[in-house]
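Just so you know, the sequence shown maps onto residues 1 to 131 in UniProt numbering. Built from N, CA and C at the ideal position, the CB exists for glycine as well. Predicted model only: the values in this text are computed from it and were never measured. First comes the structure, then the notes that go with it.
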Amino acid sequence: MKSRHELREAVFKILFQVEKTDLNFKELLELENEEISGSKYVNETLAQILMNIDEIDGVISSNLKDWKLERLSKMDRQILRIATYEILYSEIPYKVSINEAVELSKKYSEKDESYKFINGVLKGVVENSTK
Numbered sequence: 001m002k003s004r005h006e007l008r009e010a011v012f013k014i015l016f017q018v019e020k021t022d023l024n025f026k027e028l029l030e031l032e033n034e035e036i037s038g039s040k041y042v043n044e045t046l047a048q049i050l051m052n053i054d055e056i057d058g059v060i061s062s063n064l065k066d067w068k069l070e071r072l073s074k075m076d077r078q079i080l081r082i083a084t085y086e087i088l089y090s091e092i093p094y095k096v097s098i099n100e101a102v103e104l105s106k107k108y109s110e111k112d113e114s115y116k117f118i119n120g121v122l123k124g125v126v127e128n129s130t131k
């Protein structure tokens, strides 16, 4: 059984591919193993992020200081989208979401210090959200 961390990582990879290709997330899920494609967390998270992407991106953008969302790397953008979704829409404690985002950033971000940037943006999301 996959851990929540591994499932979150799968969501990250699929979101990255959705932005990079013409495939939708359901087509990409079909390429995954059953543990990922059948995961309630993966399916709900992907569907909700994509359904609420304008609001999620707006919240992220309002917490970027002197940056635009489009200027962020594709990896950082997906990491922020997942964590912001979890902070705003899920029952997952925000500290867990931030920690997971930092760990994904350390593993996948193009710049060594991206995790600090991710952490700062997400702290702003938490402080400015009503949750």
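Take the Cβ of Glu-86 as the centre, count every other Cβ of all protein chains shown within 10 Å, and call the residue buried at 16 or more, exposed below. Residue environment: Glu-86 is assigned as buried (16 or more neighbouring CB atoms within 10 Å of its CB, all protein chains considered).
Straight-line Cα distance separating Ser-62 from Lys-131: Confidence in Lys-131 is poor, its pLDDT being 48 and thus under 50, which makes the residue's placement unreliable; the coordinate value appears in the next sentence. Cα-Cα distance, rounded: 16 Å.
State the DSSP-derived secondary structure class of Thr-45, mapped to helix, strand or coil. Helix.
Along the chain, where does the alpha helix (DSSP H) containing Met-1 start, and where does it finish? Per DSSP, Met-1 lies in no alpha helix (DSSP H) segment and is marked neither H nor E.
Proximal residues to Thr-84 (C-beta, below 8 Å), its chain only, five neighbours per side dropped: Within the same chain, Thr-84 has close Cβ partners Ile-56, Val-59, Ile-60, Leu-122 and Val-125.
Got a sec? Which residues, its chain only, sit under 7 Å from Ala-10 by beta carbon, not counting five neighbours each side? Closer than 7 Å at Cβ, skipping near neighbours: Glu-32, Ile-36 and Val-42.
Could you pull out every residue in the same chain whose Cβ sits closer than 6 Å to the Cβ of Glu-127, ignoring the five residues on either side in sequence? Exclusion of the five residues before and after Glu-127 leaves no residue of its chain whose Cβ lies closer than 6 Å to its Cβ.
Inter-residue spacing [alpha-carbon to alpha-carbon] between Ile-14 and Gly-120: Taking the straight line from one Cα to the other gives about 24 Å.
Among residues of its own chain, excluding the 5 on either side of Tyr-89, which ones have a beta-carbon nearer than 8 Å to its beta-carbon? Excluding its 5 nearest sequence neighbours in each direction, Tyr-89 has C-beta neighbours in its own chain below 8 Å: Gln-48 and Asn-52, listed in chain order.
Assign Leu-64 to one of three DSSP states: helix, strand, or coil. In the three-state scheme derived from DSSP, where H, G and I count as helix and E and B as strand, Leu-64 is classed as coil.
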